[in-house]
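Using our numbering, you'd call the opening residue of the sequence shown number 57 and step up by one each time. C-beta: ideal position from N, C-alpha, C; glycine also. Shown next, in structure tokens, is the structure this report addresses.
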Amino acid sequence: MRPISKGPIPTDTSGNEINFHKYQDARGKLIERLGEICSYCEMHLDSSLAVEHVIPKKPESSGETIQERELDWHNFLLACPNCNSTKGNKDVVPDDYFWPDKDNTFRAFNYSEGGIITPSTELSAELQGKANATIELTGLDKRPL
Ligand SMILES: [Zn+2]
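Put into structure tokens, the structure is as follows:
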């Protein structure tokens, strides 16, 4: 999970911030900024890459779609079908995890041969817990890169 930078909300040709009417409309801009790469596992793929909501648009605890989250650029990443379905609609408290657009995820994890990802041993016990939670949330331990 390499650190990424999505940049500010994209603007239209007049320089106004784009209001996305559907989250799917942000996909092209996300790919322009991030490449055709899953933000979590770094798998390269094109057609099946989805707009991922960091905080679920429809968290499982309520089951209701929260529109501000659904259409918020700051809540978007790109995800492959594996990461997307593993993460699902689990309720997420952002501070409990590392995020590739907010944290230095190079330092948070060790990447060993065969694509095995483990929490960096340089981290404090607390941060190792956070790294482990991130690996479990996205299923990064389930398959090699
Ligand atoms: Zn992925």
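Could you check where the beta strand (DSSP E) with E120 kicks off and where it finishes?
Here E120 belongs to no beta strand (DSSP E), and DSSP marks it neither H nor E.
When DSSP labels each residue in this structure, what does L127 get in the three-state scheme?
coil
S117 versus K143: straight-line alpha-carbon distance, rounded
14 Å
Assigned secondary structure, N160 (DSSP; H/G/I helix, E/B strand, else coil):
coil
Where the alpha helix (DSSP H) through S141 begins and ends:
137-143
Under the assumption that F154 contacts K186 (Cβ atoms under 8 Å), give the Cβ distance between them as a whole number of angstroms.
6 Å
What is the rounded straight-line gap between the Cα of K158 and the Cα of R125?
17 Å
Where N188 and H100 are concerned, what is the direct C-alpha to C-alpha distance, given to the nearest angstrom?
24 Å
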